[in-house]
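Q:
2 protein chains.
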Amino acid sequence: MRVLVVEDNPQVARQIAAALQRGAYVVDVVSDGEEGEFFGLTESYDAVILDLGLPKCEGLTVLQRWRQAGRTMPVLILTARDTWREKVLGLRAGADDYLTKPFEVEEVVARIEALIRRAAGHASAVLAWGSVTLDPSSQRVTIRDQPVEMTALEFRTLSYFLHHPHAIISKTELTEHIYNQDFDLDSNVIEVLINRLRKKLGASFISTHRGKGYQLTAFDHET
Amino acid sequence: MRVLVVEDNPQVARQIAAALQRGAYVVDVVSDGEEGEFFGLTESYDAVILDLGLPKCEGLTVLQRWRQAGRTMPVLILTARDTWREKVLGLRAGADDYLTKPFEVEEVVARIEALIRRAAGHASAVLAWGSVTLDPSSQRVTIRDQPVEMTALEFRTLSYFLHHPHAIISKTELTEHIYNQDFDLDSNVIEVLINRLRKKLGASFISTHRGKGYQLTAFDHET
DNA sequence: GGCATTTAAGCTTGACTTAAGGTTGGTCCT
DNA sequence: AGGACCAACCTTAAGTCAAGCTTAAATGCC
Chain A
3 MRVLVVEDNP QVARQIAAAL QRGAYVVDVV SDGEEGEFFG LTESYDAVIL
53 DLGLPKCEGL TVLQRWRQAG RTMPVLILTA RDTWREKVLG LRAGADDYLT
103 KPFEVEEVVA RIEALIRRAA GHASAVLAWG SVTLDPSSQR VTIRDQPVEM
153 TALEFRTLSY FLHHPHAIIS KTELTEHIYN QDFDLDSNVI EVLINRLRKK
203 LGASFISTHR GKGYQLTAFD HET
Chain B
3 MRVLVVEDNP QVARQIAAAL QRGAYVVDVV SDGEEGEFFG LTESYDAVIL
53 DLGLPKCEGL TVLQRWRQAG RTMPVLILTA RDTWREKVLG LRAGADDYLT
103 KPFEVEEVVA RIEALIRRAA GHASAVLAWG SVTLDPSSQR VTIRDQPVEM
153 TALEFRTLSY FLHHPHAIIS KTELTEHIYN QDFDLDSNVI EVLINRLRKK
203 LGASFISTHR GKGYQLTAFD HET
C-alpha cells in the first residue's frame with residue numbers, strides 16, 4: 003500500500019510518515035501544492051493525505067484537478083479550520099474524509115486504513131475458467147475480455163458450472179439447480195441450453211460424458 | 003438512495019431524516035440498537051447513520067454484528083464523546099466516517115453523500131452518463147445542458163442508476179432502494195417509471211435485460 | 001384541485017420450450 | 001475385426017408464453 007502525504011509543515015509530515023511506515027505503508031511526502039498535484043496525477047497511490055493550507059496552490063484546487071483528471075484514489079483532508087462549511091466544501095470537492103488539527107497520528111492511520119479498506123471492497127469476486135470470466139454482481143460474462151450477451155437462464159447455468167469446476171454435472175442436477183420447480187425430464191431443454199452456451203463460448207468449452215453429464219473442459223486453449 | 007438512521011433522540015432523528023429527505027433520500031428511522039441491528043441485517047441500505055449511545059444495545063456492537071454478517075454498507079457514526087481513542091475504536095470496528103455532537107445536519111448530509119459516492123466507486127459530486135448530468139445537491143438534471151424536470155421518484159431512480167453505472171439493476175433492487183416500505187412486486191410501477199424516464203432521457207438511455215433487470219446503455223453520446 | 005403515483009388492461013417481443021431429424025459412440029453379434 | 005443397431009446427444013427451426021411496454025384512467029397526497 004502506497005500513500006502520498008501533501009503537507010507543508012515538515013514536523014507534522016514526518017510524524018504522519020513515521021506512523022504510516024510503522025503500519026507497513028510506503029509513503030511519499032511532498033511539501034507544496036504544485037508538487038502534490040504533479041505526484042497525484044503521475045504516480046499511483048492507494049490513498050492520499052492532503053493538507054488544505056499549502057504554499058503555491060490551494061489544497062482544494064489540487065483535489066479538484068485530480069478529480070477532473072479522473073483520479074479516484076481516496077483522499078483524507080487535513081485542516082486547521084474547524085467550520086462545518088469548510089468540511090462540506092471539501093467533501094463536495096471530492097474528499098472522502100476530513101480531519102481537523104490538532105489530531106493524533108494514530109487516528110490518521112486508522113482513517114487511512116478505513117479508506118483503503120472501503121476502496122478495496124469493490125473488487126468483486128469474479129469466477130473464471132480459461133479465458134471466460136463471469137461477474138455475479140454485474141451479471142456480465144466475457145471471453146478473452148470481450149463481453150458476451152447471456153440470457154438469464156444461460157447465465158444461471160454458466161454460473162452453476164463455474165461454481166463446480168472439475169465436476170461432472172448431470173442433466174438432473176442441472177435442472178434441479180437452475181429451475182425452481184422440478185421439471186419434465188424427457189424434454190431436451192438442457193441439450194438446447196448447452197448448445198447455446200457452446201455457440202457463445204466455443205464448442206469445446208463444455209465436454210460431454212455420455213450417460214453421466216457435462217463438465218468444463220480441462221484446458222480451454224481453443225478458438 | 004435509502005438510508006437507515008439509528009438514533010434514540012427523536013428530535014435529532016427527525017432533523018437528520020428531514021435533511022436527508024430534502025436531498026431526495028428515502029429514510030428509515032429506528033430508535034434502539036436491537037431494532038437497528040434487525041433492520042440493518044434484513045433490509046437493504048445505501049448508507050447508515052449510527053448513534054453510539056443507544057438503549058438496549060451498544061452501537062459499536064451493532065456495527066460489529068453487521069460486519070460479521072457480511073454487510074458492507076457505509077456507516078457514519080455519531081457520538082457525544084470527542085476522544086480520538088473512541089474514533090480509532092469505531093473505525094476499527096468497521097465504521098467509514100465519524101461525527102461528534104453537536105453537528106450541523108448539512109454536514110451529515112454532505113458526509114453521507116461522500117460515503118455513497120465512494121461506495122459506488124466515483125469521486126466527483128455531480129453524476130453524469132453520456133449527455134445526462136445529475137447534481138445531488140441542487141437536485142437538478144440536465145440533458146445536453148438543457149434542464150429536465152424530474153419528479154421526486156424519477157429523480158431517486160435516476161440517481162440510483164447513476165450511482166451504479168454498468169450494473170444491471172433488477173426490479174427488486176430498485177424497489178428496495180427507492181421506496182421505504184416493502185412493496186407488492188406483482189405491480190408494474192417500475193415498468194411505468196422506466197417508461198417515463200425513457201421518455202424524458204431518450205428511449206435508448208436505459209436498456210432492458212430480460213429476466214435480469216435494467217442498465218444504463220453503454221454508449222449514449224449524441225442520441 | 002392539481003399533480004404525482006399506482007392500477008389496470010391490452011399489446012409486443014424475444015427467451016425458452018417443443019419437436020423433428022441428424023449425428024455420434026458404444027455394444028453386441030457374427 | 002467389421003458392421004449393424006440403438007440410445008444418447010446435437011442441431012435447427014418454429015411455436016408458445018410470460019416478461020416487459022404502453023396508454024389511460026383511478027387513486028391518493030399536498
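If you read the sequences in order, they're chains A and B.
Residue 184 in our numbering sits at position 182 of the first sequence, and the numbers go up by one each step.
Residue 59 in our numbering sits at position 57 of the second sequence, and the numbers go up by one each step.
In this text, a Cβ means the ideal position worked out from N, Cα and C, and glycines have one as well.
(1) Scan the stretch 37-52 of chain A for residues whose Cβ lies nearer than 9 Å to a Cβ of chain B and list them as they occur along the chain.
(2) Using a Cβ-Cβ distance under 7 Å, would S133(B) count as near chain A?
(3) Does the beta-carbon distance from V128(A) to I145(A) come in below 7 Å?
(4) To test your reading of the DSSP string, which unbroken beta strand (DSSP E) runs of 3 or more residues are found completely within the stretch 112-170 of chain A?
(5) Assign F40(B) to buried or exposed, taking buried as 16 or more other Cβ atoms, counted over all protein chains shown, within 10 Å of its Cβ.
(6) I'd like to know if the stretch 4-18 of chain B and the stretch 44-61 of chain B are in contact, where contact means that at least 3 CB-CB pairs between them fall below 8 Å.
(7) Our contact map puts V8(B) next to L56(B) with C-beta atoms below 8 Å; I'd like the distance itself, whole angstroms only.
(8) Are L52(A) and W131(A) close, meaning C-beta to C-beta below 7 Å?
(9) So for G92(A), helix, strand or coil by DSSP?
(10) Sorted by chain position, which residues of the same chain lie with C-beta nearer than 8 Å to A15(A)'s C-beta, five sequence neighbours on each side aside?
(11) Check for me: the beta strand (DSSP E) holding L218(B) runs from which residue to which?
(12) Where DSSP assigns a beta bridge to T81(B), which residues make up the other side?
(13) Determine whether the Cβ of S161(A) lies closer than 7 Å to any Cβ atom of chain B.
(14) Is any beta-carbon of chain B found at less than 7 Å from that of K103(A)?
(15) Does the count of Cβ pairs from the stretch 107-117 of chain B and the stretch 161-173 of chain B closer than 8 Å reach three?
(16) Can you find a CB in chain B that lies within less than 7 Å of the CB of G96(A)?
(17) Check whether the Cβ atoms of A95(A) and Q70(A) sit closer than 7 Å, and answer yes or no.
(18) Starting from T44(B), trace the alpha helix (DSSP H) both ways and give me its first and last residue.
(19) Checking contacts by CB at 7 Å: is L93(A) closer than that to chain B?
(20) What did DSSP end up calling L54(B) once you bin it into helix, strand or coil?
(21) State the DSSP-derived secondary structure class of A20(A), mapped to helix, strand or coil.
(22) Using a Cβ-Cβ distance under 7 Å, would I170(B) count as near chain A?
(23) Spatial neighbours of V64(A) within its chain, please: CB distance less than 8 Å, with the 5 preceding and 5 following residues excluded, ordered by chain position.
(24) With a cut-off of 7 Å, does the C-beta of A109(B) fall near any C-beta of chain A?
(25) Is K202(A) close to chain B, meaning its C-beta is less than 7 Å from at least one C-beta of that chain?
(26) Go ahead and label Y181(A) buried or exposed: buried means 16 or more other beta carbons lie within 10 angstroms of its beta carbon, across all protein chains shown.
(27) Relative to the alpha-carbon of M152(A), which residue among V77(B), K214(B), L22(B) and N11(B) has its alpha-carbon at the smallest distance?
(28) For L62(A) versus L80(A), is the C-beta spacing smaller than 7 Å?
(29) Measure the beta-carbon distance from A26(B) to S161(B) and round it to whole angstroms, keeping in mind my assumption that it falls under 8 Å.
(30) What three-state label does DSSP hand T74(A) in the structure shown?
(31) From the DSSP secondary-structure annotation, give me the bridge partner or partners of S209(B).
(32) Starting from D30(A), trace the beta strand (DSSP E) both ways and give me its first and last residue.
(33) Where does P76(B) land, buried or exposed, given buried means 16+ other C-beta within 10 angstroms?
(34) Taking CB distances under 7 Å as the criterion, tell me whether G213(B) reaches chain A.
(35) Give a yes or no on whether 7 Å exceeds the smallest Cβ distance from R158(A) to chain B.
A: Here's the rundown:
(1) none
(2) Position 131 of the second sequence, counted from the first residue, corresponds to residue 133(B). So, not an interface residue.
(3) Start at 1 with the first residue of the first sequence, and residue 128(A) comes out as number 126. Start at 1 with the first residue of the first sequence, and residue 145(A) comes out as number 143. Taking 7 Å as the Cβ cut-off, V128(A) and I145(A) do not qualify as a contacting pair.
(4) 129-131, 134-137, 142-145 and 148-150
(5) By 1-based counting over the second sequence, the position of residue 40(B) is 38. Result: exposed.
(6) yes
(7) Position 6 of the second sequence, counting from 1, holds the residue named residue 8(B). Position 54 of the second sequence, counting from 1, holds the residue named residue 56(B). Going by Cβ atoms, the distance from V8(B) to L56(B) rounds to 7 Å, so yes, they are a contact pair.
(8) The residue labelled residue 52(A) in the question sits at position 50 within the first sequence. The residue labelled residue 131(A) in the question sits at position 129 within the first sequence. It is not a contact, given that the beta carbons lie outside the stated cut-off.
(9) Reading the first sequence from its first residue, position 90 is the one you call residue 92(A). Looking at G92(A) - three-state DSSP - the assignment turns out to be helix.
(10) The count along the first sequence starts at 1 and reaches residue 15(A) at position 13. Here the set comprises V7, E9, V31 and S33.
(11) On the second sequence, residue 218(B) is found 216 positions in, with the first residue counted as 1. From DSSP, the beta strand (DSSP E) with L218(B) extends over G215 to L218.
(12) Within the second sequence, numbered from 1, the residue matching residue 81(B) stands at position 79. BP columns for T81(B) point to T102(B).
(13) As a working note, residue 161(A) is residue 159 in the first sequence. Not closer than 7 Å to any Cβ of chain B, the Cβ of S161(A) fails to qualify, so no.
(14) For this step, residue 103(A) is matched to residue 101 along the first sequence. It does not; no Cβ of chain B falls within 7 Å.
(15) no
(16) By one-based count along the first sequence, residue 96(A) stands at place 94. Cβ-Cβ to chain B under 7 Å: yes for G96(A).
(17) To locate residue 95(A), count along the first sequence from 1; it is residue 93. To locate residue 70(A), count along the first sequence from 1; it is residue 68. In this structure, Q70(A) does not lie closer than 7 Å to A95(A) by Cβ.
(18) The count along the second sequence starts at 1 and reaches residue 44(B) at position 42. Element bounds for T44(B): G35 to T44.
(19) In the first sequence, the residue the question calls residue 93(A) occupies position 91. It does: the Cβ of L93(A) has a partner Cβ on chain B nearer than 7 Å.
(20) In the second sequence, the residue the question calls residue 54(B) occupies position 52. In the structure shown, L54(B) sits in coil (DSSP, three-state: anything other than H, G, I, E or B).
(21) Here the question's residue 20(A) lines up with position 18 in the first sequence. Helix, per DSSP.
(22) Taking the second sequence and counting its residues from 1, one reaches residue 170(B) at position 168. So, interface residue.
(23) Walking along the first sequence from the start, residue 64(A) turns up at place 62. Answer for V64(A): V8, G35, G38, E39, G42, L52 and L56, listed in chain order.
(24) For the purposes of this step, residue 109(B) is taken as the residue at position 107 of the second sequence. This sequence places Glu at residue 109(B); Ala is not what is there. E109(B) belongs to the set of residues whose beta carbon lies under 7 Å from a beta carbon in chain A.
(25) As a working note, residue 202(A) is residue 200 in the first sequence. Not one chain B Cβ lies under 7 Å of K202(A).
(26) Numbered from its first residue, the first sequence carries residue 181(A) at position 179. The residue is exposed, with fewer than 16 neighbouring Cβ atoms inside 10 Å.
(27) Start at 1 with the first residue of the first sequence, and residue 152(A) comes out as number 150. Cα-wise, what sits closest to M152(A) is K214(B).
(28) Locating residue 62(A) in the first sequence gives position 60, counting from the first residue. Locating residue 80(A) in the first sequence gives position 78, counting from the first residue. Contact flag unset, no.
(29) Position 24 of the second sequence, counted from the start, is the residue given in the question as residue 26(B). Position 159 of the second sequence, counted from the start, is the residue given in the question as residue 161(B). Right, the Cβ-Cβ distance comes to about 7 Å (below 8 Å), so this counts as a contact.
(30) Translated into positions along the first sequence, residue 74(A) becomes position 72. Three-state result, T74(A): coil.
(31) To locate residue 209(B), count along the second sequence from 1; it is residue 207. According to DSSP, S209(B) bridges with Q217(B).
(32) By one-based count along the first sequence, residue 30(A) stands at place 28. Element bounds for D30(A): V28 to V32.
(33) Numbered from 1 along the second sequence, position 74 holds the residue referred to as residue 76(B). That one is buried.
(34) Start at 1 with the first residue of the second sequence, and residue 213(B) comes out as number 211. Output row for G213(B): interface = yes.
(35) For this step, residue 158(A) is matched to residue 156 along the first sequence. Not closer than 7 Å to any Cβ of chain B, the Cβ of R158(A) fails to qualify, so no.
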